[in-house]
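The structure under discussion appears below in the form of structure tokens.
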Amino acid sequence: MLSYLPAIALLWAPTLATIPSLSGYHVVWSDDFNGDHYAGVDHSKWVQIAKSNNANGEVETYTSGTDNVHLSGDGQLYIVPTKSDGKWYSGRLESNTAQVCDVGGAMVFQSELWVPDFTGNPAKFAGLWPAFWAKGNNYRSSGVPWPRCGEWDIFEVTDKMSNQNQGTLHFQDANGNNNGAFNRRVTYQGGQYHTWAFKVDLRNSDWTKQSLIWYLDGVQYYSVTGAMIGTYQQWVQLAQSPYYIILNVAIGGGYPGNPTQSTVSGYDASMRVRYAAIYKTN
């Protein structure tokens, strides 16, 4: 009887996430979110933010517990917005490490994630703002303010965007203002897992021909070159400086608008992540 137990166990074993390989690259940081059901994240890899957040006019409070951020037990991370006594709570993770692309090489930030289907701007998702993005590490290491620190928006969606993701750069222009003019939308199908990636490519010795590239399921849909940015100093902050990953579900504010009485909470409003990884060229 005992000889059959391993085979039986395999039948009931969950399908766990794995970090995919990229040809010509190696993984320098990753999390596959494998672990027990309702367990917290690996804090050697993540900082779980715990504070009220009024940036952008948002209304959520980020929490440190597992109600809003936990593992599924089958290789997924859940970030779950909840509502209690009229107040919104959610989760935000920031990678402990920041990575910089080596000049002469390339680097990829990549994640496979699921969000609800926002097609048609359904009222039940009003105010929800899930995102996979990155911020310049000097924001948290030395207090360089936003937008001068730089920001890569790899995936973000709101009910106002329907079934489109917007990839965007944010940086400080010559007048000290936010330049968010470099952006592109791409159509995708919500309610399904998709792979979103952002590449920093510094393999050209001419910085004006170096590039930042956005991908959906392995297909490029947008790119920005150094020549488009215009100044070398801005390009250094955007492309040649360390950045860290952020995964979160924000609630409300000027960009998505505020939640309403119809806005759903719980798992129906969650963002789910199979893995997050950073790759560099061999």
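So the sequence shown is residues -17 to -1, 1 to 265, counted in mature numbering (1 follows the signal peptide of the UniProt record, and there is no 0). For glycine and all other residues, C-beta sits at the position ideal for the given N, C-alpha and C.
L(-7) versus G56: straight-line alpha-carbon distance, rounded: The predicted model places L(-7) with a pLDDT of 44, which falls under 50 and marks its position as unreliable, so this point remains unresolved.
Who are the near neighbours of Q155 in its chain, counting only those whose CB is closer than 6 Å to its CB and skipping five residues on each side? P130, R131
To which residues of the same chain is G23 closer than 6 Å at the C-beta, ignoring the five residues directly before and after it? T49
When I137, A109, N160 are compared against P128, the one with the closest alpha-carbon: N160
For M90, which residues from the same chain have a beta carbon less than 6 Å from its beta carbon, with the 5 sequence-adjacent residues on both sides left out? C84, V183, K263
Among the residues of its own chain, which have a CB less than 6 Å from the CB of Q147, if the five just before and after it don't count? R168, T170
When you compare only the Cα positions, how much space is there between N37 and A233? 10 Å
Residue range of the beta strand (DSSP E) that includes R257: 254 to 264
Which of the three DSSP states is assigned to A38 in this structure? helix
Any chance the region 185 to 194 sits against the region 212 to 229, with 3 or more Cβ pairs inside 8 Å? yes
Applying the 10 Å Cβ sphere with the 16-neighbour rule, what's the burial state of D68? exposed
Minimum C-alpha distance to G40 - residue among Q244, G240, R255, Y250: G240
Y238 versus P99, H177, Q149, residue with shortest Cα-Cα distance: Q149
Just to check my reading of the structure: G103 and Y226 have Cβ atoms closer than 8 Å, yes? What is that Cβ distance to the nearest angstrom? Going by Cβ atoms, the distance from G103 to Y226 rounds to 34 Å, so no, they are not a contact pair.
Within 10 Å of its beta-carbon, does N265 have 16 or more other beta-carbons around it, so buried, or fewer, so exposed? exposed
Whole angstroms are fine: how far does the CA of Y8 sit from the CA of F165? 27 Å
At which residues does the beta strand (DSSP E) containing A233 begin and terminate? 226 to 234
I'd like to check one pair, D142 with A114: are the Cβ atoms closer than 8 Å? no
Beta-carbon separation (whole angstroms), A180 vs F92, contact threshold 8 Å: 7 Å
Leaving out five residues before and five after L(-16) in sequence, what residues of the same chain have Cβ atoms less than 6 Å from its Cβ? Residue placement at L(-16) is poorly supported in this model, since its pLDDT is 36, which falls under 50; the coordinates still yield a value, given next. Nothing meets the Cβ criterion.
Round the Cβ separation of W116 and I137 to the nearest angstrom and send it over; I've been treating them as touching at under 8 Å. 6 Å
Residue from I32, V52, V256 whose Cα sits closest to the Cα of T178: V256
Under the assumption that F16 contacts L54 (Cβ atoms under 8 Å), give the Cβ distance between them as a whole number of angstroms. 6 Å
Through-space distance from K34 to V42, alpha-carbon basis: 11 Å
Under 8 Å, do V86 and L152 count as touching if we go by C-beta distance? no
Go through its chain and collect everything with a Cβ distance to Y198's Cβ below 6 Å, but skip five positions before and after it. A180
Does DSSP put W116 in a helix, in a strand, or in coil? strand
Since E43 sits in a beta bridge, which residues does DSSP pair it with? Paired residues: none, contrary to the question.
Report buried or exposed for I(-10), applying the criterion of at least 16 other Cβ atoms within 10 angstroms of its Cβ. Residue placement at I(-10) is poorly supported in this model, since its pLDDT is 36, which falls under 50; the coordinates are not used for a value here.
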